[in-house]
Amino acid sequence: MSSQKLTSSDVSLTAGLPRAPELSDLELSYGEDRKFIWSVARTLQLLQAFRPEEGAMGNGDLSERTGIAKATVSRITYTLTELGYLERTRNRQYFPTSNLLSLSHSVLGSFRIRQLAQRKMQEIANLAGGTVGISWPDKDTMIYIAASIATTSDDLMPEIGTRMSMAKSAAGRAYLSTLDDDALRILFARWAVFYGAEWPELEDRVRAAIADVKDKGFCIVEGEWRKNVRGVATPVLDRDHDTWLALNCGGPAFDLDRERIEADIGPRMVHFAQSLSSRP
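Position one of the sequence shown corresponds to residue 1 (the working numbering), numbered consecutively onward.
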(Lines of atoms letter the chains of each structure in order from A and count residues from 1; the text may use other names and numbers.)
(Lines give C-alpha, C1' and ligand atoms only; values in the text may rest on other atoms or scores of the structure.)
Protein backbone atom coordinates (compact mmCIF):
# COMPACT_ATOMS: atom_id res chain seq x y z
CA MET A 1 0.00 0.00 0.00
CA SER A 2 1.29 3.45 -0.75
CA SER A 3 1.37 6.85 0.84
CA GLN A 4 3.59 8.27 -1.89
CA LYS A 5 2.64 10.63 -4.66
CA LEU A 6 2.64 9.22 -8.17
CA THR A 7 5.88 9.69 -10.06
CA SER A 8 6.61 9.83 -13.76
CA SER A 9 7.88 6.25 -13.60
CA ASP A 10 4.77 5.13 -11.78
CA VAL A 11 1.95 6.95 -13.56
CA SER A 12 -0.28 3.95 -14.14
CA LEU A 13 -0.47 1.37 -11.39
CA THR A 14 -3.25 -0.33 -13.29
CA ALA A 15 -0.92 -1.13 -16.19
CA GLY A 16 0.35 -4.25 -14.42
CA LEU A 17 -3.04 -5.55 -13.37
CA PRO A 18 -4.71 -8.59 -14.88
CA ARG A 19 -7.74 -7.38 -16.80
CA ALA A 20 -11.38 -8.37 -16.45
CA PRO A 21 -12.43 -11.41 -18.52
CA GLU A 22 -12.87 -10.63 -22.21
CA LEU A 23 -16.08 -11.43 -24.06
CA SER A 24 -14.43 -14.50 -25.58
CA ASP A 25 -13.77 -15.81 -22.06
CA LEU A 26 -17.38 -15.14 -21.08
CA GLU A 27 -18.58 -16.97 -24.17
CA LEU A 28 -16.68 -20.07 -23.09
CA SER A 29 -18.29 -19.92 -19.66
CA TYR A 30 -21.81 -18.76 -20.53
CA GLY A 31 -22.29 -19.40 -24.23
CA GLU A 32 -24.91 -22.07 -23.57
CA ASP A 33 -26.51 -20.36 -20.57
CA ARG A 34 -29.94 -19.10 -21.62
CA LYS A 35 -30.28 -17.09 -18.40
CA PHE A 36 -27.18 -15.03 -19.20
CA ILE A 37 -28.10 -11.58 -20.58
CA TRP A 38 -25.41 -10.57 -23.05
CA SER A 39 -26.55 -6.96 -23.39
CA VAL A 40 -25.96 -6.47 -19.67
CA ALA A 41 -22.57 -8.18 -19.87
CA ARG A 42 -21.47 -6.01 -22.78
CA THR A 43 -22.57 -2.84 -21.00
CA LEU A 44 -20.62 -3.73 -17.87
CA GLN A 45 -17.58 -4.70 -19.95
CA LEU A 46 -17.72 -1.31 -21.62
CA LEU A 47 -17.90 0.56 -18.31
CA GLN A 48 -14.90 -1.41 -17.03
CA ALA A 49 -12.89 -0.29 -20.06
CA PHE A 50 -12.56 3.26 -18.74
CA ARG A 51 -9.38 3.92 -16.76
CA PRO A 52 -8.78 7.01 -14.62
CA GLU A 53 -5.37 7.74 -16.10
CA GLU A 54 -6.62 7.75 -19.69
CA GLY A 55 -9.65 10.05 -19.69
CA ALA A 56 -12.37 10.06 -22.34
CA MET A 57 -12.58 7.36 -25.03
CA GLY A 58 -14.25 7.16 -28.42
CA ASN A 59 -16.45 4.34 -29.69
CA GLY A 60 -13.59 2.94 -31.75
CA ASP A 61 -11.27 2.82 -28.74
CA LEU A 62 -13.96 1.17 -26.62
CA SER A 63 -14.65 -1.39 -29.34
CA GLU A 64 -10.97 -2.25 -29.65
CA ARG A 65 -10.49 -2.59 -25.90
CA THR A 66 -13.60 -4.66 -25.19
CA GLY A 67 -13.93 -6.71 -28.36
CA ILE A 68 -17.52 -5.49 -28.74
CA ALA A 69 -18.61 -4.58 -32.28
CA LYS A 70 -18.43 -0.82 -32.89
CA ALA A 71 -22.11 -0.64 -33.86
CA THR A 72 -23.04 -2.25 -30.54
CA VAL A 73 -20.67 0.04 -28.66
CA SER A 74 -22.38 3.04 -30.28
CA ARG A 75 -25.78 1.88 -29.04
CA ILE A 76 -24.47 1.25 -25.55
CA THR A 77 -22.73 4.63 -25.24
CA TYR A 78 -25.83 6.36 -26.61
CA THR A 79 -28.05 4.63 -24.04
CA LEU A 80 -25.67 5.30 -21.14
CA THR A 81 -25.38 8.94 -22.18
CA GLU A 82 -29.16 9.32 -22.34
CA LEU A 83 -29.41 7.79 -18.86
CA GLY A 84 -26.74 10.13 -17.52
CA TYR A 85 -24.04 7.55 -16.80
CA LEU A 86 -21.73 8.77 -19.58
CA GLU A 87 -21.08 12.22 -20.96
CA ARG A 88 -20.03 12.97 -24.53
CA THR A 89 -17.30 15.49 -25.33
CA ARG A 90 -17.20 17.82 -28.32
CA ASN A 91 -14.92 15.43 -30.19
CA ARG A 92 -17.35 12.52 -29.68
CA GLN A 93 -15.55 10.81 -26.86
CA TYR A 94 -17.15 9.57 -23.65
CA PHE A 95 -16.32 9.55 -19.96
CA PRO A 96 -18.18 8.23 -16.87
CA THR A 97 -20.23 10.72 -14.86
CA SER A 98 -20.78 11.11 -11.14
CA ASN A 99 -24.16 9.39 -11.52
CA LEU A 100 -22.28 6.10 -11.37
CA LEU A 101 -21.29 6.95 -7.80
CA SER A 102 -24.90 6.51 -6.74
CA LEU A 103 -24.58 2.84 -7.67
CA SER A 104 -21.57 2.42 -5.38
CA HIS A 105 -23.27 4.09 -2.41
CA SER A 106 -25.42 1.06 -1.62
CA VAL A 107 -22.38 -1.20 -2.01
CA LEU A 108 -20.22 0.76 0.42
CA GLY A 109 -23.13 1.10 2.82
CA SER A 110 -23.34 -2.67 3.11
CA PHE A 111 -19.81 -2.89 4.51
CA ARG A 112 -20.39 -2.40 8.23
CA ILE A 113 -16.73 -3.24 8.76
CA ARG A 114 -15.85 0.17 7.28
CA GLN A 115 -17.55 1.99 10.14
CA LEU A 116 -16.31 -0.47 12.77
CA ALA A 117 -12.70 -0.12 11.65
CA GLN A 118 -12.40 3.58 10.85
CA ARG A 119 -11.26 4.94 14.22
CA LYS A 120 -8.60 2.28 14.77
CA MET A 121 -7.44 2.52 11.14
CA GLN A 122 -6.81 6.22 11.63
CA GLU A 123 -4.94 5.52 14.86
CA ILE A 124 -2.60 3.03 13.17
CA ALA A 125 -2.12 5.31 10.16
CA ASN A 126 -1.04 8.12 12.49
CA LEU A 127 1.28 5.79 14.38
CA ALA A 128 2.88 4.44 11.20
CA GLY A 129 2.94 7.79 9.43
CA GLY A 130 1.40 6.17 6.37
CA THR A 131 -1.85 4.77 5.07
CA VAL A 132 -4.12 1.98 6.29
CA GLY A 133 -6.79 0.31 4.20
CA ILE A 134 -9.22 -2.56 3.91
CA SER A 135 -9.52 -4.28 0.55
CA TRP A 136 -11.95 -6.75 -1.00
CA PRO A 137 -10.81 -9.60 -3.31
CA ASP A 138 -11.99 -9.49 -6.92
CA LYS A 139 -10.61 -12.05 -9.36
CA ASP A 140 -6.87 -11.23 -9.60
CA THR A 141 -6.98 -7.93 -7.71
CA MET A 142 -7.82 -6.35 -4.38
CA ILE A 143 -10.19 -3.36 -4.29
CA TYR A 144 -10.01 -0.70 -1.58
CA ILE A 145 -13.28 -0.33 0.31
CA ALA A 146 -11.86 1.80 3.15
CA ALA A 147 -8.74 3.89 3.67
CA SER A 148 -7.15 6.25 6.20
CA ILE A 149 -4.02 8.38 6.04
CA ALA A 150 -1.82 9.87 8.76
CA THR A 151 -2.90 13.37 9.74
CA THR A 152 0.72 14.50 9.42
CA SER A 153 1.00 13.29 5.82
CA ASP A 154 0.47 15.40 2.73
CA ASP A 155 0.65 12.39 0.41
CA LEU A 156 -2.18 10.82 -1.55
CA MET A 157 -4.63 8.46 0.11
CA PRO A 158 -5.76 5.48 -2.01
CA GLU A 159 -9.20 6.19 -3.42
CA ILE A 160 -12.08 3.86 -2.66
CA GLY A 161 -12.43 1.49 -5.60
CA THR A 162 -8.73 1.56 -6.49
CA ARG A 163 -7.39 -1.85 -7.49
CA MET A 164 -4.03 -3.40 -6.68
CA SER A 165 -2.40 -6.62 -7.77
CA MET A 166 -3.30 -9.63 -5.66
CA ALA A 167 0.03 -11.29 -6.47
CA LYS A 168 2.29 -8.30 -5.84
CA SER A 169 0.71 -6.50 -2.88
CA ALA A 170 0.88 -7.31 0.82
CA ALA A 171 -2.92 -7.12 0.95
CA GLY A 172 -3.26 -9.63 -1.86
CA ARG A 173 -0.85 -12.09 -0.32
CA ALA A 174 -2.55 -11.81 3.07
CA TYR A 175 -5.83 -12.70 1.39
CA LEU A 176 -4.20 -15.59 -0.50
CA SER A 177 -3.23 -17.12 2.84
CA THR A 178 -6.93 -17.79 3.50
CA LEU A 179 -7.44 -19.89 0.35
CA ASP A 180 -7.17 -23.66 0.08
CA ASP A 181 -4.69 -25.43 -2.19
CA ASP A 182 -7.19 -25.97 -5.00
CA ALA A 183 -8.09 -22.26 -5.17
CA LEU A 184 -4.41 -21.30 -5.15
CA ARG A 185 -3.65 -23.80 -7.90
CA ILE A 186 -6.26 -22.21 -10.17
CA LEU A 187 -4.97 -18.69 -9.53
CA PHE A 188 -1.32 -19.65 -9.94
CA ALA A 189 -2.00 -21.39 -13.25
CA ARG A 190 -3.64 -18.22 -14.56
CA TRP A 191 -0.86 -15.99 -13.26
CA ALA A 192 1.81 -18.20 -14.81
CA VAL A 193 0.34 -17.20 -18.17
CA PHE A 194 -0.19 -13.54 -17.31
CA TYR A 195 3.19 -12.86 -15.69
CA GLY A 196 5.18 -15.17 -17.97
CA ALA A 197 8.91 -15.36 -17.24
CA GLU A 198 8.43 -13.22 -14.13
CA TRP A 199 6.16 -15.79 -12.50
CA PRO A 200 8.61 -18.42 -11.07
CA GLU A 201 10.38 -15.91 -8.82
CA LEU A 202 7.12 -14.09 -8.09
CA GLU A 203 5.49 -17.37 -7.08
CA ASP A 204 8.32 -18.02 -4.60
CA ARG A 205 7.72 -14.62 -2.99
CA VAL A 206 3.97 -15.18 -2.88
CA ARG A 207 4.37 -18.58 -1.22
CA ALA A 208 6.86 -17.16 1.28
CA ALA A 209 4.40 -14.40 2.20
CA ILE A 210 1.59 -16.93 2.65
CA ALA A 211 3.87 -18.90 4.98
CA ASP A 212 4.65 -15.72 6.93
CA VAL A 213 0.95 -15.00 7.46
CA LYS A 214 0.35 -18.53 8.71
CA ASP A 215 3.39 -18.30 10.98
CA LYS A 216 3.13 -14.80 12.49
CA GLY A 217 -0.17 -13.42 11.21
CA PHE A 218 1.13 -10.88 8.70
CA CYS A 219 3.36 -10.51 5.65
CA ILE A 220 5.58 -7.71 4.36
CA VAL A 221 6.08 -6.63 0.75
CA GLU A 222 8.81 -4.21 -0.27
CA GLY A 223 8.76 -2.25 -3.51
CA GLU A 224 6.87 -4.77 -5.62
CA TRP A 225 3.53 -3.05 -6.04
CA ARG A 226 4.85 0.48 -5.55
CA LYS A 227 8.52 1.41 -5.85
CA ASN A 228 10.17 2.45 -2.57
CA VAL A 229 7.07 1.53 -0.57
CA ARG A 230 6.97 -1.03 2.23
CA GLY A 231 3.63 -2.61 3.09
CA VAL A 232 2.33 -5.01 5.72
CA ALA A 233 -1.01 -6.84 5.70
CA THR A 234 -3.08 -9.38 7.54
CA PRO A 235 -6.36 -11.13 6.67
CA VAL A 236 -9.59 -9.97 8.30
CA LEU A 237 -12.98 -11.69 8.21
CA ASP A 238 -16.02 -9.66 7.20
CA ARG A 239 -18.72 -11.59 9.04
CA ASP A 240 -21.56 -9.71 7.37
CA HIS A 241 -20.51 -11.11 3.98
CA ASP A 242 -18.69 -14.23 5.26
CA THR A 243 -15.69 -13.15 3.18
CA TRP A 244 -12.01 -12.79 3.94
CA LEU A 245 -10.65 -9.30 3.25
CA ALA A 246 -7.23 -7.77 3.86
CA LEU A 247 -6.16 -5.07 6.30
CA ASN A 248 -2.97 -3.37 5.17
CA CYS A 249 -0.65 -0.54 6.14
CA GLY A 250 2.06 1.05 4.06
CA GLY A 251 4.42 3.93 3.71
CA PRO A 252 7.76 5.06 2.27
CA ALA A 253 10.42 2.42 2.88
CA PHE A 254 12.85 5.00 4.30
CA ASP A 255 10.32 5.93 6.99
CA LEU A 256 8.50 2.67 7.77
CA ASP A 257 11.42 0.36 8.55
CA ARG A 258 11.09 -3.41 8.62
CA GLU A 259 12.17 -3.77 12.25
CA ARG A 260 9.38 -1.46 13.37
CA ILE A 261 6.85 -3.42 11.34
CA GLU A 262 8.02 -6.74 12.78
CA ALA A 263 8.04 -5.50 16.38
CA ASP A 264 5.05 -3.16 16.48
CA ILE A 265 2.94 -2.35 13.41
CA GLY A 266 2.54 -5.94 12.21
CA PRO A 267 1.42 -7.42 15.57
CA ARG A 268 -0.80 -4.39 16.15
CA MET A 269 -2.50 -4.99 12.78
CA VAL A 270 -3.01 -8.68 13.57
CA HIS A 271 -4.62 -7.86 16.92
CA PHE A 272 -6.88 -5.29 15.26
CA ALA A 273 -7.89 -7.73 12.51
CA GLN A 274 -8.68 -10.42 15.05
CA SER A 275 -10.92 -8.05 17.01
CA LEU A 276 -12.79 -7.10 13.82
CA SER A 277 -13.11 -10.73 12.77
CA SER A 278 -14.60 -11.75 16.11
CA ARG A 279 -17.33 -9.10 16.15
CA PRO A 280 -20.88 -10.49 15.82
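Backbone N, C-alpha and C fix where the C-beta goes; we use that ideal spot for every residue, glycine too.
Quiz prompt | Supposed close pair Arg65, Ala49 - CB separation, criterion 8 Å | solution = 5 Å
Self-check item: Beta-bridge pairing of Val229 - partner residues as DSSP gives them
Solution: Pro252
Exercise. Reducing DSSP to helix, strand and coil, say where Tyr94 ends up.
Key: Looking at Tyr94 - three-state DSSP - the assignment turns out to be strand.
Quiz prompt | Which listed residue (Arg239, Ile265, Asp257 and Ala273) has its alpha carbon closest to that of Ala246 | solution = Ala273
Exercise. Kindly indicate which residue of His271, Arg51, Ala263 and Val73 has the alpha-carbon position closest to the one of Gly60.
Key: Val73
Practice problem: Provide the residue(s) that pair with Thr141 in DSSP beta bridges, ordered along the chain. | Solution: Asp138 and Ser165
Quiz prompt | Those runs of the beta strand (DSSP E) which lie wholly inside the region 39 to 117 and span at least 3 residues | solution = Contiguous beta strand (DSSP E) elements confined to the region 39 to 117 occur at 86 to 88 and 93 to 96, taking only those with 3 or more residues.
Quiz item: Which of the three DSSP states, helix, strand or coil, is assigned to Ser275?
Solution: helix
Practice problem: Can you tell me which of the three DSSP states Leu237 falls into? | Solution: Looking at Leu237 - three-state DSSP - the assignment turns out to be strand.
Practice problem: Please report how far the alpha carbon of Phe254 lies from the alpha carbon of Leu86, in whole angstroms. | Solution: 42 Å
Self-check item: Residues near Glu297 by beta carbon distance below 7 Å, same chain, minus five either side
Solution: The shown model of the chain, from 1 to 280, leaves out residue 297, and the question about it has no answer.
Quiz item: If you pair each beta-carbon of the region 121 to 137 with each one of the region 160 to 178, do three or more pairs fall below 8 Å?
Solution: yes
Self-check item: Beta-carbon proximity of Leu44 to Leu62, cut-off 9 Å
Solution: no
Quiz item: Where Asp242 and Tyr175 are concerned, what is the direct C-alpha to C-alpha distance, given to the nearest angstrom?
Solution: Cα to Cα, Asp242 sits roughly 14 Å from Tyr175.
Practice problem: Using a Cβ cut-off of 9 Å (strictly closer), state whether Asp33 contacts chain B. | Solution: In the displayed structure, chain B is absent; only one protein chain is listed.
Exercise. Name the residue from Gly55, Leu116, His105 and Val221 whose alpha carbon lies nearest to the alpha carbon of Pro96.
Key: Gly55
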